[in-house]
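Per our numbering, the very first residue in the sequence shown carries number 134; after that it's consecutive. Comments concern the structure below.
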Amino acid sequence: MEVFEVEGPFEVEVVEKLNRFVVLVRREGRLLRAHNTNTGRLRDLLLPGRRAYCLPKSGQKTDCRLFAVEEREGFAVIDTALQMRAFEFFQKAGLIPWLSPERWQLKGRNRRVGNSLIDYLFEDPSGKRLLLEVKSAAMRLEGDFGGYPDCPTERGRKHLRELLSLPDRGGVLFIVALPRVKGFRPFCAGDPEICSLLKEAKRRGLLLRAISLHFVPERGVVLENPDLPVEV
């Protein structure tokens, strides 16, 4: 099994979430300020006493970067930049069949569509383009489904509206960063409009896909399911 290696991880214990971007953690009795890149609330993950993993980070405001948190029998990957790096690695390695590198080549990142930047531009040999926006789903719903979003997100709404203007070449990938999930579902209580927009996206033929991955200590980020069922 292909594994995306993570360099220099070290174990910590979650103490408390100080604000949206900083989590207080403890490493061998020493308190550290860890940078959190995930803009979700992560209420079910960032709980005092949870085991977690950080990466070294140089900077004045924080001491390290929090990237994985204990979740049931494994570790959820909450660092969105790391999620995307892992996705790119797995796609290039040919482990995501619906986005096979034999057909789809990565041509660019952060491509402008209207007033938004869409994460990826892929292109096939015929010149057909796919603009793919990635959303992080690190919330476990009833029935062991991964969910998004866990709170209102104007940015997410904006991206979906822009993609709806080009249903023949737009898509959304949900990275469900949890171990042992059965599929993806939108969390309508988090943002009802996102739920409505996703239903409209499905109706118009927008590509809606999901993968699941998680962190395994001593190994790295593992791709558990390259084509997770999406229920909208």
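Idealized CB from N, CA, C, for every residue including glycine. Being a predicted model, the structure only gives us computed values, none of them experimental.
By the neighbour-count criterion, in which a residue is buried when 16 or more other Cβ atoms sit within 10 angstroms of its Cβ, Ala214 is exposed. Within the DSSP bridge table, the entry for Asn358 names Ser345 as partners.
Nearest to Asp283 by C-alpha distance, out of Leu199, Phe200, Gly323, Glu146, is Gly323. Take Ala201, set aside five residues on each side of it, and the residues of its chain with a beta-carbon closer than 7 angstroms to its own are Ala185, Tyr186, Phe208, Ala209, Val210, Ile211, Phe348, in chain order. Taking all protein chains in view, the Cβ of Lys268 is crowded by 16 or more other Cβ atoms within 10 Å, so the residue is classified as buried. Distance from Leu178 to Ala271 at the Cβ level is roughly 7 angstroms; contact confirmed, criterion being Cβ atoms closer than 8 angstroms. Three or more beta-carbon pairs separated by less than 8 angstroms are not found between the segment 215 to 226 and the segment 329 to 337, which leaves the two stretches without contact. For Phe220, the enclosing alpha helix (DSSP H) stretches over residues 213 to 225. Distances from the CA of Val147 to each of Gly182, Val136, Leu164 were compared; the closest alpha carbon is that of Gly182. Ile327 sits in a helix when the DSSP states are folded into three classes. Taken through DSSP and simplified to helix, strand or coil, Arg183 comes out as coil.
In the DSSP annotation of this structure, the continuous segment of the alpha helix (DSSP H) that includes Lys291 starts and ends at 287 to 296.
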